[in-house]
Amino acid sequence: MREVAKLPVLLKDLKLSAMGRLWGSMAEEAEKEAWTHPRFLSALCEHEVEERYQKRTARYRKHSNLPAGKSLATFDFSYVPSVSKAKVQELSANTQWITQGETVLIFGPSGVGKTHLASAIGHGLIERGVRVLFTSTTALMQKLQGARKTLSLPAALDKLDHYGLLILDDIGYVRKDDAETHVLFELIAHRYESKSLIVTSNQPFSEWDQIFATNAMTVAAIDRLVHHATLFEVVTESYRRLHSLEKAQA
Ligand code: ADP
Ligand code: MG
178 MREVAKLPVL LKDLKLSAMG RLWGSMAEEA EKEAWTHPRF LSALCEHEVE ERYQKRTARY
238 RKHSNLPAGK SLATFDFSYV PSVSKAKVQE LSANTQWITQ GETVLIFGPS GVGKTHLASA
298 IGHGLIERGV RVLFTSTTAL MQKLQGARKT LSLPAALDKL DHYGLLILDD IGYVRKDDAE
358 THVLFELIAH RYESKSLIVT SNQPFSEWDQ IFATNAMTVA AIDRLVHHAT LFEVVTESYR
418 RLHSLEKAQA
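Here is the structure:
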């Protein structure tokens, strides 16, 4: 009996909060249903694992900065025949490409769903236990530029390694005169073949000399990004514009 009295404290010590909450009622159920001891233990463990998964997923989602609601479920693939739904589903459900530090590039004009697609893959991967960070490229560059000024760029880049997937939205908005492109190159080189990136861009590669300081840097950045990459070219009318037209006509 004294052993059982200690149980809540022991479970708390072990940080088994679902088990701590549920063991009493489940023990009653186990008795009633004549569960074997292993079955009882395994049922308790299952609850603990499930609750941890739910909590972790909620925490990752909160810290990811991903636009809420921009998921696969809300993406209409019939608008973008050039984008393979199967391929997007695979990228959002299978973490192998993350383990291998591969890249996804999403190109296309404004309003065609690039950000939505990138977010959808991010949301899917969070459910598979991947830490994801979504950021506008320019905002992150400003942060990294600040870190460089205080000589803490290496530490800032290492900190981003924490995220198995970093989504750089709108890389094309970075301008070489912003003094940000050097850190952008360093980021790309840092993550190359180790941590994954999704990059969205409304600029084709041919225009990327507007982003990086020198031609050599542009070539070196593109080389690294395309080496192990999946490319989506979203060629369609702006979904945003089509939608507002439809609304106006209705
Ligand atoms: P981009 O990043 O290419 O400029 P967004 O991803 O921001 O475009 O898309 C613009 C708006 O249209 C967003 O609200 C997005 O959710 C919506 N949208 C775009 N394409 C689709 C689609 N195929 N299905 C559903 N919503 C879409
Ligand atoms: Mg966008």
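Per this note's numbering, residue 178 is the first one in the sequence shown, and the count goes up by one each step. Every residue, glycine too, gets a C-beta built ideally from N, C-alpha and C. Since this is a predicted model, take the numbers as computed values, not measurements.
Cutoff 6 Å; reference R401; Cβ partners in own chain excluding five residues on either side: Result list for R401: I365 and Y369, in chain order.
Euclidean distance between Cα positions of M318 and D335: One alpha carbon belongs to M318, the other to D335, and they sit about 15 Å apart.
Beta-carbon proximity of H293 to K264, cut-off 8 Å: It is not a contact, given that the beta carbons lie outside the stated cut-off.
I275 vs V307 beta-carbon contact at 8 Å: yes
Three-way DSSP call (helix, strand, coil) for A270 in this model: helix
Straight-line gap, T312 to S194 (C-alpha atoms, nearest Å): 33 Å
For D346, three-class secondary structure by DSSP: strand
Beta carbon of T314 nearer than 8 Å to that of V351: yes
CB of I348 within 8 Å of CB of I388, strictly: yes
Sequence-distant residues of its chain with Cβ nearer than 8 Å to M196 (five each side left out): The residues are L188, L221, C222, H224 and E225.
Rounded Cβ spacing between V257 and G299 (contact assumed at less than 8 Å): Not a contact, Cβ separation roughly 18 Å.
Residue from M203, A397 and K320 with nearest C-alpha to T218: The sequence shown places Leu at residue 218, rather than the Thr named in the question. Nearest option by C-alpha distance: M203.
Per-residue DSSP class, three states only, for S313: strand
For V181, the three-state DSSP class (helix, strand or coil): Helix at V181.
Rounded C-alpha distance that separates F409 from S329: Cα atoms of F409 and S329: separation of roughly 34 Å, rounded to the nearest angstrom.
C-beta atoms of S269 and L321 nearer than 8 Å: no
Closer than 7 Å: T413 CB and nearest the ligand MG heavy atom: no
Near the ligand MG: D347 beta-carbon under 7 Å from a heavy atom: Taking 7 Å as the cut-off, one finds at least one heavy atom of the ligand MG near enough to the beta carbon of D347.
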